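> Numbering (the UniProt record's numbering), first residue to last: 1 to 190.
1. Starting from the C-beta of residue 138, find all residues in its chain whose C-beta is less than 6 Å away, skip the five residues before and the five after it, and write them out in chain order.
2. Taking 7 Å as the threshold (C-beta atoms), are residue 88 and residue 6 in contact?
3. Where residue 197 and residue 175 are concerned, what is the direct C-alpha to C-alpha distance, given to the nearest angstrom?
4. Could you pull out every unbroken beta strand (DSSP E) segment of at least 3 residues lying fully inside the segment 75 to 158, listed in chain order?
5. Is the beta carbon of residue 105 closer than 7 Å to that of residue 247?
6. Span of the alpha helix (DSSP H) holding residue 40?
7. Mapping the DSSP letters down to three states, classify residue 48 as helix, strand or coil.
8. Please report the straight-line C-alpha distance between residue 122 and residue 57, rounded to a whole angstrom.
9. Can you list, in chain order, the residues of its chain whose CB lies under 8 Å from that of residue 86, leaving out five sequence neighbours each side?
10. Give the C-beta separation of residue 24 and residue 111 to the nearest angstrom, bearing in mind that I take them to be a contact with Cβ-Cβ under 8 Å.
11. Evaluate residue 166 with the Cβ neighbour count: other Cβ atoms within 10 Å of its Cβ, from every protein chain shown; 16 or more gives buried, anything less gives exposed.
12. According to DSSP, is residue 58 helix, strand or coil?
13. Please confirm whether residue 20 and residue 12 have their CB atoms less than 7 Å apart.
14. Using the rule of at least 16 other Cβ atoms within 10 Å of the residue's Cβ for burial, across every protein chain shown, is residue 155 buried or exposed?
15. Buried or exposed for residue 186, going by 16 or more other Cβ atoms inside 10 Å?
16. The alpha helix (DSSP H) that contains residue 12, what's its start and end?
17. State the Cα-Cα distance for the pair residue 135 and residue 142, rounded to the nearest angstrom.
18. Where does residue 190 fall in DSSP's three states?
19. Excluding the 5 residues preceding and the 5 following residue 59 in the sequence, name in chain order all residues of the same chain whose CB lies nearer than 8 Å to its CB.
20. Out of 53, 169, 31, 43, point me to the one whose CA is closest to residue 93's CA.
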């Protein structure tokens, strides 16, 4: 039964992830999730008693995936400066994915942030987690004011995420990386 539950839950989350990210969380009903997952509606509601529970699970899953993809790029870099620039290389790779539709947290917040305190909280937590990662990278690189540098870097990153989603081009990550180089030149010890 545990294996069946895990399998059914995985099927539902796979379907929700694909549909919510492609169409938006409000546009996708539980019937569409049921059809795409192959899990009965009764079982779906046993696993996720409400659509809000499913949206939360979707965002939790997206957060873990995003952190994993970011970490693999950053961890592959060898020195502190290149670890910061690896963030923009990660963004460029992410933007080039065939199904890229922007940030799931920004998208979900735009749809539900004013009516769902939990979605707003999850979006804030995700963005603050990214900020904390940038503060850590800035500290490791020797920035005199790591929080300020991280705030500048996050603005570049978030702008690139939004611009890429709207333009359909991965190039905003390259432009943001160029600006990050200038910031690092001005903020890090020689």
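C-beta: ideal position from N, C-alpha, C; glycine also.
Only a predicted model underlies this, so the values are computations on that prediction, with no experimental measurement involved.
Walking through what the data contain:
1. As a first step, residue 138 must be located in the chain shown, where it is residue number 138. So the qualifying residues of the chain are 146, 149, 150.
2. One-based indexing of the chain shown puts residue 6 at position 6. One-based indexing of the chain shown puts residue 88 at position 88. For residue 6 and residue 88, no; Cβs fall outside 7 Å.
3. There is simply no residue 197 to check, as the chain begins at 1 and stops at 190 in what is shown.
4. Here no run is fully enclosed.
5. What the structure shows of the chain is the stretch from 1 to 190, and residue 247 is not part of that stretch, so it cannot be assessed.
6. Residue mapping note: residue 40 aligns to position 40 of the chain shown, counting from 1. Note, residue 40: premise wrong, no alpha helix (DSSP H); not H, not E.
7. Residue 48 sits at position 48 when you count from the first residue of the chain shown. Residue state, collapsed to three classes: coil.
8. Looking up residue 122 in the chain shown gives position 122. Looking up residue 57 in the chain shown gives position 57. If I take the Cα positions, the gap works out to 10 Å.
9. Residue mapping note: residue 86 aligns to position 86 of the chain shown, counting from 1. Contacts found: 73, 74, 76, 77.
10. Numbered from 1 along the chain shown, position 24 holds the residue referred to as residue 24. Numbered from 1 along the chain shown, position 111 holds the residue referred to as residue 111. The pair is a contact, with the Cβ atoms about 6 Å apart (cut-off 8 Å).
11. If you number the chain shown from 1, residue 166 lands on position 166. That one is exposed.
12. As a working note, residue 58 is residue 58 in the chain shown. Reduced to three states, the DSSP call for residue 58 is helix.
13. Position 20 of the chain shown, counting from 1, holds the residue named residue 20. Position 12 of the chain shown, counting from 1, holds the residue named residue 12. It is not a contact, given that the beta carbons lie outside the stated cut-off.
14. Counted from its first residue, the chain shown places residue 155 at position 155. Exposed is the call here.
15. Translated into positions along the chain shown, residue 186 becomes position 186. By the Cβ neighbour-count rule, residue 186 is exposed, with fewer than 16 other Cβ atoms within 10 Å of its own.
16. Here the question's residue 12 lines up with position 12 in the chain shown. 2 to 23 is the span of the alpha helix (DSSP H), which, as asked, contains residue 12.
17. Reading the chain shown from its first residue, position 135 is the one you call residue 135. Reading the chain shown from its first residue, position 142 is the one you call residue 142. Taken atom to atom, the span from the alpha-carbon of residue 135 to that of residue 142 is near 11 Å.
18. One-based indexing of the chain shown puts residue 190 at position 190. Looking at residue 190 - three-state DSSP - the assignment turns out to be coil, as it is neither helix nor strand.
19. For the purposes of this step, residue 59 is taken as the residue at position 59 of the chain shown. 104, 105, 108, 119, 122, 123, 126.
20. What you label residue 93 is simply residue 93 of the chain shown in a count that begins at 1. Of the candidates 53, 169, 31, 43, the one whose C-alpha sits nearest the C-alpha of residue 93 is 169.
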